[in-house]
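As structure tokens, the structure follows; a few thoughts come after it.
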Amino acid sequence: MIEDDLRRLRWRCRRGMLELDIVLSEFLDDHASSLTEQQVGFLLRFLEFPDPYIFNALFSGCFSSGDPEVDSIIAMIK
Numbered sequence: 001m002i003e004d005d006l007r008r009l010r011w012r013c014r015r016g017m018l019e020l021d022i023v024l025s026e027f028l029d030d031h032a033s034s035l036t037e038q039q040v041g042f043l044l045r046f047l048e049f050p051d052p053y054i055f056n057a058l059f060s061g062c063f064s065s066g067d068p069e070v071d072s073i074i075a076m077i078k
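As structure tokens, then:
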């Protein structure tokens, strides 16, 4: 991933909830270099959702976005 793209993605991962900032930042730190272009697209789609939705997706026991591609990114982040 190009450094500018990574910076933009990292900025998009900044949320209004500290818990989400921490989880999403750690995910990028651990996986940014191995994400495919397609997975980055799925992540960007996921980040379009409001914070409460993202929080529930990451921290509730059972959750489905209804989009298998977005669900695959949610599973990676968990």
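Residue numbering for the sequence shown follows full-length UniProt numbering, starting at 1 and increasing by one per position. Note that beta-carbon positions come from the ideal geometry of N, C-alpha and C, so glycine has one too.
Classification of residue i by the beta-carbon crowding that lies within 10 angstroms, buried from 16 upward
| i | result |
| --- | --- |
| F63 | exposed |
| L24 | buried |
Neighbourhood of residue i by C-beta, 6 Å cutoff - its chain only, sequence neighbours within 5 removed
| i | result |
| --- | --- |
| L47 | R12 |
Unbroken alpha helix (DSSP H) run spanning residue i, endpoints
| i | result |
| --- | --- |
| L18 | L18 to H31 |
| I77 | P68 to I77 |
| E37 | E37 to L47 |
DSSP-derived helix/strand/coil call for residue i
| i | result |
| --- | --- |
| R15 | coil |
Sequence-distant residues of the same chain with beta carbon closer than 8 Å to residue i, five excluded per side
| i | result |
| --- | --- |
| K78 | L58 |
Best match in the options for proximity to residue i [C-alpha to C-alpha]
| i | options | result |
| --- | --- | --- |
| S33 | R7, F55, N56 and D51 | R7 |
| residue 87 | L35, Q38, E37 and I54 | With the chain represented from 1 up to 78, any question about residue 87 goes unanswered, as that position is not in the structure. |
| E69 | F27, L43, S60 and G61 | L43 |
Close beta carbons around residue i, own chain, < 7 Å, minus the five adjacent residues each side
| i | result |
| --- | --- |
| M17 | D51 and F55 |
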